Amino acid sequence: MNSFINRKVYKKCTVELNGLCLVDGQFAFERLRERLTVAVGTPERDWQESDGSDSEAEERGEEEGLAAEIGRQAEDILREARLRADKLIREAEETAGRRTTEIEEEARAEGHTQGYAKGYAEGREEGFRRGENEVRHLLNRSKELVRLAEKAAQAEFLRADREILGLALRIAERIVRASLAVEPQRLLEIARSLTLLPEEKEGMVLHLSARDAEWVGELAPESLPCPWVKDDSLAVGDCFLDCREGVYDASLADQLAKLEHFLREELEHGGVEPAGPESAGGGTGQRAGPG
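Numbering that gives the first Met the number 0 puts the sequence shown at residues 0 to 290.
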């Protein structure tokens, strides 16, 4: 017994699509129409005799209308597919273009960032190096300025100290002379101190100013331990001792000069250098040499 059907059977199968493929719509439609029209008036139905009834004509008309409808739907589907494909391609191209632009911009930005970072790092390092050199130069310059300022300040202080010392010595001289004018008897103490300095006591002669010789002459001879003479070259309050060993000067100017020397040495050098042979008795006399 033979089995048969009056319509073609289309088997369904899964087709793997590797990519987008566009098929010519007219060609596909013709192929589809051929397949669909097979169902109308096939030889397989010739075995069944027909008397040309209306039901058969109706069925044939329905099948033809169905085939035409399917064809139109197929054309619509193909048209829509083509439009969608064009849209997808256009969107893909636009997306690819945008992405390409973005990648280029990112690359440029990254290159700019890297270049900026590199430039910033190099600039920062160069800035630090220049800043270090500048700071070192400024520090050295500042140290030099401080040193010069300290040196200038020390020179100014030394000048002021010298002026103060000179002023103090002048004041001291006036005080001593005023004191001798008020208490001339102090000259006797100075004269007695001078007579203690020489080891050889024979031949000592004390020289006094004319003014002091007046009032000393009124004293008893034993008021002085040695003979004395009047010396017009001496100022009031000055005296010196002439002996075999030399001259011991007790004039006020000489004592102040010696004191000034000591003080200036201490002031400028932090120590005292001897100004010459010194006396051994209270610093009131100086040996000037044999006379």
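Positions of the beta carbon are idealized from the N, C-alpha and C atoms, including for glycine.
Note that this is a predicted model, so its numbers are computed, not measured.
For residue i, the three-state DSSP class (helix, strand or coil)
i: Leu207; result: strand
i: Lys257; result: helix
i: Val215; result: helix
i: Leu266; result: helix
i: Leu223; result: coil
i: Leu251; result: helix
i: Lys200; result: coil
i: Val235; result: coil
i: Asp230; result: coil
Residue i versus the options, residue with shortest Cα-Cα distance
i: Gln254; options: Glu201, Glu265 and Leu168; result: Leu168
i: Leu223; options: Ala249, Gln184 and Ala154; result: Gln184
i: Ser208; options: Arg146, Asp230 and Arg176; result: Asp230
i: Leu262; options: Asp160, Glu124, Glu155 and Lys150; result: Asp160
i: Val204; options: Tyr247, Ala177 and Val181; result: Tyr247
i: Cys225; options: Glu188, Gly130 and Glu259; result: Glu188
8 Å contact criterion, which residue i and residue j should meet: CB distance rounded
i: Leu251; j: Glu172; result: 6 Å
i: Cys238; j: Ala256; result: Wrong, their Cβ atoms sit about 16 Å apart, outside the cutoff.
i: Val228; j: Arg210; result: The Cβ separation is near 14 Å, so there is no contact.
i: His206; j: Leu233; result: 6 Å
The ligand MG heavy atom lying under 7 Å from the CB of residue i
i: Arg161; result: As for the ligand MG, it is missing from this structure, which has no ligand bound.
- Message: Suppose only complete runs of 4+ residues qualify. What are the alpha helix (DSSP H) ranges in the segment 121-194, listed by chain order?
- Response: 185-194
- Does the count of Cβ pairs from the segment 192-209 and the segment 232-247 closer than 8 Å reach three? yes
- Is there contact here, the segment 162-178 with the segment 203-218, by at least three beta-carbon pairs under 8 Å? no
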